[in-house]
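Asks: This is the structure I want to talk about, given as structure tokens.
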Amino acid sequence: MAQFDNVSVKKKANVYFDGKCVSHTVMLPNGTRSTIGVIFPSTLTFNTAAPELMEINLGVCKVRLQGEESWKTYSAGEKFTVPGNSSFDIETLEMLDYVCHFE
Numbered sequence: 149m150a151q152f153d154n155v156s157v158k159k160k161a162n163v164y165f166d167g168k169c170v171s172h173t174v175m176l177p178n179g180t181r182s183t184i185g186v187i188f189p190s191t192l193t194f195n196t197a198a199p200e201l202m203e204i205n206l207g208v209c210k211v212r213l214q215g216e217e218s219w220k221t222y223s224a225g226e227k228f229t230v231p232g233n234s235s236f237d238i239e240t241l242e243m244l245d246y247v248c249h250f251e
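This is how it looks when you write it as structure tokens:
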């Protein structure tokens, strides 16, 4: 999906990790929520409440899910899922453009 139609976007940015991750919340017509954002070069740990589907639009990242020892690389056009009540580490060497869908 190249764009979201008929949505509401919260104007205030979600800023995490001293500005290393910045996103905006998008409310979809079906009542679900996504965020569209960027992660600047860094290694970060995110905690999840609900399950998430991360969609990479631009850039490359390495991801390690909670409880796993190995990292997996994802590039533009790829997706990965994270269970709810969990966490994941993400490493970016360049700006990463992403969409996070909350399930």
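Count along the sequence shown from 1, then add 148; that gives the number in this note's numbering. For glycine and all other residues, C-beta sits at the position ideal for the given N, C-alpha and C.
1) Rounded to whole angstroms, what is the Cα-Cα separation between D176 and K227?
2) Would F194 pass as a contact of V174 if the rule is Cβ separation under 8 angstroms?
3) Using the C-alpha atoms, what's the distance from V186 back to M243?
4) Should T183 go down as buried or exposed, given a rule of 16 or more other Cβ atoms within 10 Å for buried?
5) Using 10 angstroms around the beta-carbon of E217, count the other beta-carbons present and answer buried if the total reaches 16, otherwise exposed.
6) What's the gap between the Cα of G225 and the Cα of T180?
7) Report buried or exposed for T253, applying the criterion of at least 16 other Cβ atoms within 10 angstroms of its Cβ.
Replies: On the basis of the coordinates in this document:
1) In the sequence shown, the residue the question calls residue 176 occupies position 28. In the sequence shown, the residue the question calls residue 227 occupies position 79. Sequence check: residue 176 is Leu here, not Asp. Distance between the alpha carbons of L176 and K227 is about 19 angstroms.
2) Counting from 1 along the sequence shown, the entry for residue 194 is found at position 46. Counting from 1 along the sequence shown, the entry for residue 174 is found at position 26. Between F194 and V174, the CB-CB gap reaches or exceeds 8 angstroms.
3) Your numbering for residue 243 matches position 95 in the sequence shown. Your numbering for residue 186 matches position 38 in the sequence shown. Approximately 7 angstroms between the Cα atoms of the pair.
4) Counted from its first residue, the sequence shown places residue 183 at position 35. So T183 ends up on the buried side.
5) Counted from its first residue, the sequence shown places residue 217 at position 69. Sixteen is the threshold: since fewer than 16 other Cβ atoms of the shown chains lie within 10 Å of the Cβ of E217, the residue is exposed.
6) Translated into positions along the sequence shown, residue 225 becomes position 77. Translated into positions along the sequence shown, residue 180 becomes position 32. Rounded to whole angstroms, G225 to T180 spans 22 angstroms at the Cα level.
7) Look at the range of the chain in this structure, 149 to 251, and you will see that residue 253 is not part of it.
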